[in-house]
Amino acid sequence: SQKIEQNSEALNIQEGKTATLTCNYTNYSPAYLQWYRQDPGRGPVFLLLIRENEKEKRKERLKVTFDTTLKQSLFHITASQPADSATYLCALDPDSSASKIIFGSGTRLSIRP
Amino acid sequence: DAGVIQSPRHEVTEMGQEVTLRCKPISGHNSLFWYRQTMMRGLELLIYFNNNVPIDDSGMPEDRFSAKMPNASFSTLKIQPSEPRDSAVYFCASSLQQGGARSNQPQHFGDGTRLSIL
Numbered sequence: 812s813q814k815i816e817q818n819s820e821a822l823n824i825q826e827g828k829t830a831t832l833t834c835n836y837t838n839y840s841p842a843y844l845q846w847y848r849q850d851p852g853r854g855p856v857f858l859l860l861i862r863e864n865e866k867e868k869r870k871e872r873l874k875v876t877f878d879t880t881l882k883q884s885l886f887h888i889t890a891s892q893p894a895d896s897a898t899y900l901c902a903l904d905p906d907s908s909a910s911k912i913i914f915g916s917g918t919r920l921s922i923r924p
Numbered sequence: 004d005a006g007v008i009q010s011p012r013h014e015v016t017e018m019g020q021e022v023t024l025r026c027k028p029i030s031g032h033n034s035l036f037w038y039r040q041t042m043m044r045g046l047e048l049l050i051y052f053n054n055n056v057p058i059d060d061s062g063m064p065e066d067r068f069s070a071k072m073p074n075a076s077f078s079t080l081k082i083q084p085s086e087p088r089d090s091a092v093y094f095c096a097s098s099l100q101q102g103g104a105r106s107n108q109p110q111h112f113g114d115g116t117r118l119s120i121l
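Protein sequence lines, in the order shown, are assigned to chains S and U. Per this note's numbering, residue 812 is the first one in the first sequence, and the count goes up by one each step. Per this note's numbering, residue 4 is the first one in the second sequence, and the count goes up by one each step.
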């Protein structure tokens, strides 16, 4: 069956450390992956997109990797801050004929001072 | 710039009543998506439109749900009759899809409607 899996348990990180979140998928062949941030009571906000032919993408303190062999994307936040605390969602395009994306269940990240 | 605007932000109603959720996408965007988010099932795509035309409604749970997009600046999601299991947060998102069908543009979300059916 098709699945998108993210760390189901919350991730607690000390401020200043690097947070690493995982997104694994099964029985999909996505052309790209997207990462979103969601704060309580708000809609998801787009952060980064990485294509299947890109190994790594960076934006300020954020870094995303995409390994189509392992069927995995890693999302890193370096020099983490309490303001980075949120739920992070990965999403992929499940169908080459459509412009929709499917979301993972998200990982809640808490950065403690 | 105005983002995606959803109304109402909160809705509490009794089982059996009709519920209408509204969405105004970002001006110039040509794709609109309706999602439902619950703790158990996460963020699920219900239906999406390209250029006001419904493209994929396979996520609509049953015939009690319907969605329309009469023009490029407005969409509604209707539940009739509503049931307690419809309680969730409903999000609308829009994007500007360019090029081929498998586009890769980010989606812009509204802040959702929290729906409670008693």
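Heads up, the beta-carbon is just placed ideally off N, CA and C, and yes, glycines get one too. A quick note: this is a predicted structure, and the numbers were derived from the prediction, not measured.
Check                                                                                                                                                                  : Outcome
Looking at chain U, is there any beta carbon in it that lies within less than 8 angstroms of the beta carbon of LYS911/S?                                              : yes
On a CA-only basis, which of THR833/S, ARG923/S, ASP878/S, LYS828/S is nearest GLU816/S? Give me that one, please.                                                     : THR833/S
The beta strand (DSSP E) spanning ALA909/S covers which residue range?                                                                                                 : First-last for ALA909/S: undefined, no H or E at that position.
Sort out for me which residues DSSP pairs GLY45/U with in a bridge.                                                                                                    : THR41/U
Measure the C-alpha to C-alpha separation of PRO893/S and GLY827/S and round it to an integer number of angstroms.                                                     : 9 angstroms
What is the rounded straight-line gap between the Cα of ILE922/S and the Cα of SER891/S?                                                                               : 7 angstroms
So, is the C-beta of GLN110/U closer than 8 angstroms to a C-beta in chain S?                                                                                          : yes
On a CA-only basis, which of GLU863/S, LEU881/S, GLN813/S, HIS887/S is nearest ARG848/S? Give me that one, please.                                                     : HIS887/S
Step through the CB atoms of chain S and report whether any lies within less than 8 angstroms of the CB of TYR51/U.                                                    : yes
Please confirm whether GLY113/U has its beta-carbon closer than 8 angstroms to some beta-carbon of chain S.                                                            : yes
Given a cut-off of 8 angstroms on the beta-carbon distance, is the pair LEU120/U and SER69/U in contact?                                                               : Looking at the sequence shown, residue 120/U is not Leu but Ile. No, the Cβ-Cβ distance between ILE120/U and SER69/U is not below 8 angstroms.
Would you mind reading off the limits of the beta strand (DSSP E) that contains ASN823/S?                                                                              : 822-825
If we count the other Cβ atoms within 10 Å of its Cβ and call it buried at 16 or more, is HIS13/U buried or exposed?                                                   : exposed
Looking at the C-beta of SER34/U, does it have a partner C-beta in chain S at a distance below 8 angstroms?                                                            : yes
Note down, in chain order, each residue of its chain lying with its Cβ closer than 8 angstroms to the Cβ of ARG51/U, except the 5 sequence neighbours on either side.  : In the sequence as presented, Arg is not what sits at residue 51/U; that position holds Tyr. Cβ neighbours of TYR51/U beyond the five flanking positions: SER34, LEU35, PHE36, TRP37, PRO57, ILE58, ASP59.
Against PHE94/U, what residues of chain S qualify as contacts under a CB-to-CB distance less than 7 angstroms, listed in chain order?                                  : GLY854
In whole angstroms, what is the alpha-carbon distance linking ILE824/S and GLN20/U?                                                                                    : 45 angstroms
Chain U partners of PHE857/S, CB-CB under 8 angstroms?                                                                                                                 : PRO109, GLN110, HIS111
Report all residues from its chain with a CB closer than 7 angstroms to the CB of LEU118/U; omit the five preceding and five following residues, and keep chain order. : GLU14, VAL22, ASP89, SER90, ALA91, TYR93
What residues of chain S sit near GLN83/U, judged by a beta carbon separation below 9 angstroms?                                                                       : In chain order: nothing, as chain S lies at least about 25 angstroms away.
Report yes if the C-beta distance between GLY854/S and GLY113/U is below 8 angstroms; otherwise report no.                                                             : yes
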